[in-house]
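Engineer: Residue numbers (my numbering): 112 to 345.
Where a beta carbon is used, it is the ideal one built from N, C-alpha and C, also for glycine.
1. Might you give, ordered along the chain, the residues of its own chain that have their beta carbon closer than 6 Å to the beta carbon of residue 221, omitting 5 neighbours on each side?
2. With distances taken Cα to Cα, identify the nearest neighbour of residue 231 among 334, 243, 142 and 174.
3. Under the rule that 16 or more other beta-carbon atoms within 10 Å means buried, what is residue 275, buried or exposed?
4. Cα separation between residue 114 and residue 253?
5. Taking all protein chains shown into account, do 16 or more other C-beta atoms lie within 10 angstroms of the C-beta of residue 273, making it buried, or fewer, making it exposed?
6. Would you kindly work out how many angstroms separate the C-alpha atoms of residue 112 and residue 258, rounded to a whole number?
7. Closest by CA to residue 297, which one among 149, 280, 341 and 327?
8. Report, in whole angstroms, the separation of the C-beta atoms of residue 133 and residue 319, which I expect to be a contact under 8 Å.
9. Could you name each continuous alpha helix (DSSP H) segment of 4 residues or more that falls completely within the stretch 257 to 338, going from the start of the chain to the end?
10. Rounded to the nearest angstrom, how far is the Cβ of residue 178 from that of residue 138, given a contact under 8 Å?
11. Could you give the distance in angstroms between the alpha-carbon of residue 214 and the alpha-carbon of residue 266?
12. Where does residue 137 sit, in a helix, a strand or coil, going by DSSP?
13. First and last residue of the alpha helix (DSSP H) that includes residue 168?
14. Alpha carbon to alpha carbon, how far is residue 188 from residue 174?
15. Expressed to the nearest angstrom, what Euclidean distance is found between the alpha-carbon atoms of residue 146 and residue 166?
16. Starting from residue 193, follow the alpha helix (DSSP H) in both directions and report where the run begins and ends.
17. Taking just the CA atoms, how far does residue 270 sit from residue 331?
Listed below in structure tokens is the structure:
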């Protein structure tokens, strides 16, 4: 189990020094998956993982035997824009969340601004495409930053007037950063990655999914290798 954070345990998926994914702790490894599967036959092997174990992991994933991948746990601390978290928290099976509360604490002056703005895809209502020269990036940044700065100033003014935190936060935009604990098992993580590290997902969400995978894969290398090989065609 990981007890303390090192620089290798924290990633910044949006490259702005604010948004982050930190591995807090984990329980289990590839051998936990193997032993959870073999207990059905009264087996439990504490020897190091071998090729036979790796083949079993691949078999389990290929034939969708999911429960052996639930006997482990990974806990992360996430700092992400609210619009990313809205998508993230649609994942509810096999996961747990605890989020910072704007009722209890004053919200920090931390907001996400894209490095580059994208344009709306004409063929897909929920997708974006790389921007053409017709999109004025400089003006878009100016409008974006003015919006969140004005909103945060209004928030501060409401607090100074004596308005309660739980009401004052209502003026803040979806680009605001929030932070939360995210605990999952390997089965729920694979499901998350299949949907969120996908070309159809929003770019910012994809970056967070890849950060989760980057921190998790060294802990469960055989499981990830099998999962990636079976999903390579997708």
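Structural biologist: On the basis of the data shown:
1. 129 and 288
2. 243
3. exposed
4. Bear in mind that a pLDDT of 45 at residue 114, under 50, signals an unreliable position, so the number given afterwards is only what the model happens to contain. Between residue 114 and residue 253, the C-alpha separation is close to 42 Å.
5. exposed
6. Bear in mind that the predicted position of residue 112 carries a pLDDT of just 44, short of 50, making it too unreliable to give a figure here.
7. 327
8. Their Cβ separation, rounded to whole angstroms, is 12 Å, which puts residue 133 and residue 319 out of contact at 8 Å.
9. 276 to 279, 297 to 307 and 314 to 327
10. Incorrect: roughly 16 Å between the Cβ atoms, too far for contact.
11. Spanning the two alpha carbons is a distance of roughly 13 Å.
12. Strand.
13. Note, residue 168: alpha helix (DSSP H), 162 to 173.
14. When rounded, the distance between both Cα atoms is 32 Å.
15. 13 Å
16. 193 to 199
17. 47 Å
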